[in-house]
DNA sequence: CTAATAAGTTAGATTGATCTAACAATGTTT
DNA sequence: AAACATTGTTAGATCAATCTAACTTATTAG
Ligand SMILES: [Mn+2]
Ligand SMILES: [Mn+2]
Ligand SMILES: [Mn+2]
Ligand SMILES: [Mn+2]
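As structure tokens, this is what we get:
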């Protein structure tokens, strides 16, 4: 078998830690139900796995209370994320995949145990700091280089912005952006915002377009004027 | 978890099928004990897995009789081997790994489910037919392009040969060859053979060297004169 | 041809990851 | 505050992959 040594998380544990990390990005109050939905397993399954993760020191948890990663758990999660994001970047940069096809592959590759393999990817790409969706790649110690990114729909009218990353990216979002010709690095100007549906009117490469709040709240930008 | 669909082999089953394939290359009579040693699991474990593989139609087996892959089992094994060998070649050709470091990584990568991933490797390398150790890469249908390779110690005195592949390659063998400056493509002349210890005296790049039978029976060659 | 050795099998247990059914606690509405 | 809905827990089962101990069959050596 895969014989990961006993100090180390199983693939399942790794996937739980990553899910907890992602959920605590949006809500900060991670529940059993959240995990159950996000991992598509029953609540009793999550309940017992959560006990297991607590016993291994990866999370803090008390009956009926929210779940949070410990320092150790956060580091383990960050190191898997590092492998995931390096992989995604490598698949796009070096193997010619589209940014919407790489997540599923990275979901599997992230569990490979071989520091040399990921170090080599990193080196061949010149030590990238973000993945193809603009998410930061943690360093080898599991530290995130902090970034202060702003959501597009939080920017003022008239401001010009460059898209630097995506929040909660999904295949659907990526395909939507592809269809509009929007990508990381695209420069947009905010023309107006509707208070009725929170949609944002932008101009971009001459074109004038409306983006729903569902899209604009997922676009992280840097203001350039 | 990794949710391979129900028609498909688990990672454990894949590793068993590959082990059966490799064992039947050298001995043709694959036993429970052989598998137990090669996979480092107990004989009862092998016994029950063998029943399982039979139930899934991958092998033929009757109590106390030898184990053999069915047509289906052979194909499954060949397709994993294809992924393993494409990976090894990719790691050497495109990522700069040494031929002795790639096996362990490929042992994990071979279980990734993503035809696109392996097709892309294949394409980027220009459809190689052998891996870095000279073993043939089965095609997408799981067919082996037949090769007629001869062991070095079966060649006559005076003949000149080029090393095209290795048999039962191991990290130890690869490191030994590295230390002597011998690689795939090396051209050797057979000077003499000892009937006492079956060692072979060769000349190679001006140097005169003796190779034990342990080495020479693992070198597969093409005679060039 | 027996007796010793090796190989294979059965039985029963364990562990990790999952499930369903039933119940308990918490939170939200009227 | 009581009722209802949501969320979480417990108990008990299953399945894959593994183990050890005990037993049986096959092979090999004397
Ligand atoms: Mn991803
Ligand atoms: Mn994963
Ligand atoms: Mn190999
Ligand atoms: Mn493997």
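Protein chains in written order, with this note's numbering: chain A, 4 to 228; chain B, 4 to 228.
By construction, the Cβ of each residue, glycine as well, lies at the ideal position given by its N, Cα and C atoms.
Predicted model only: the values in this text are computed from it and were never measured.
Do we get a CB-CB distance below 9 angstroms when we pair residue i with the residues of chain B?
i: residue 52/A; result: no
i: residue 91/A; result: no
i: residue 229/A; result: Summary: the structure shown does not reach residue 229/A, with chain A confined to residues 4 through 228, and so no result is reported for it.
i: residue 222/A; result: no
Beta-carbon of residue i versus every beta-carbon of chain A: anything under 9 angstroms?
i: residue 119/B; result: yes
i: residue 176/B; result: no
i: residue 11/B; result: no
i: residue 49/B; result: no
i: residue 104/B; result: yes
i: residue 20/B; result: no
i: residue 98/B; result: yes
i: residue 194/B; result: no
i: residue 83/B; result: no
i: residue 23/B; result: no
i: residue 111/B; result: yes
i: residue 116/B; result: yes
i: residue 35/B; result: no
i: residue 17/B; result: no
i: residue 108/B; result: yes
i: residue 94/B; result: yes
If you measure from the CB of residue i, is any heavy atom of ligand 1 nearer than 8 angstroms?
i: residue 106/A; result: yes
i: residue 282/A; result: Lying before the first or after the last residue shown, residue 282/A is absent from chain A, which here runs from 4 to 228.
i: residue 34/B; result: no
i: residue 91/A; result: yes
i: residue 213/B; result: no
i: residue 172/A; result: yes
Let me know if residue i comes out buried or exposed under the rule of 16 or more other beta-carbons within 10 Å of its beta-carbon.
i: residue 21/A; result: buried
i: residue 178/A; result: exposed
i: residue 32/A; result: exposed
i: residue 120/B; result: buried
i: residue 92/B; result: buried
i: residue 67/B; result: exposed
i: residue 76/A; result: buried
i: residue 53/B; result: buried
i: residue 101/A; result: exposed
If you measure from the CB of residue i, is any heavy atom of ligand 2 nearer than 8 angstroms?
i: residue 14/A; result: yes
i: residue 21/A; result: yes
For ligand 3, is there any heavy atom lying closer than 8 angstroms to the beta carbon of residue i?
i: residue 134/B; result: yes
i: residue 178/B; result: no
Ligand 6 and residue i: does any heavy atom of the ligand fall closer than 8 angstroms to the residue's C-beta?
i: residue 20/A; result: Absent from the structure shown: ligand 6. Ligands present: ligand 1, ligand 2, ligand 3 and ligand 4.
Taking a cut-off of 6 angstroms, which residues have a beta-carbon closer than that to any heavy atom of ligand 4, in chain order?
18/B, 110/B, 113/B, 114/B
Name, going along the chain, the residues of the stretch 118-144 of chain B whose beta-carbon falls closer than 8 angstroms to a beta-carbon of chain A.
119, 120, 123, 124, 127
Contact list for the stretch 154-169 of chain A against chain B, Cβ threshold 9 angstroms:
none
Taking a cut of 9 angstroms between CB atoms, which residues from the stretch 63-74 of chain B lie near chain A?
none
Note down, in chain order, all residues in the stretch 199-219 of chain A with a beta-carbon under 7 angstroms from any beta-carbon belonging to chain B.
none
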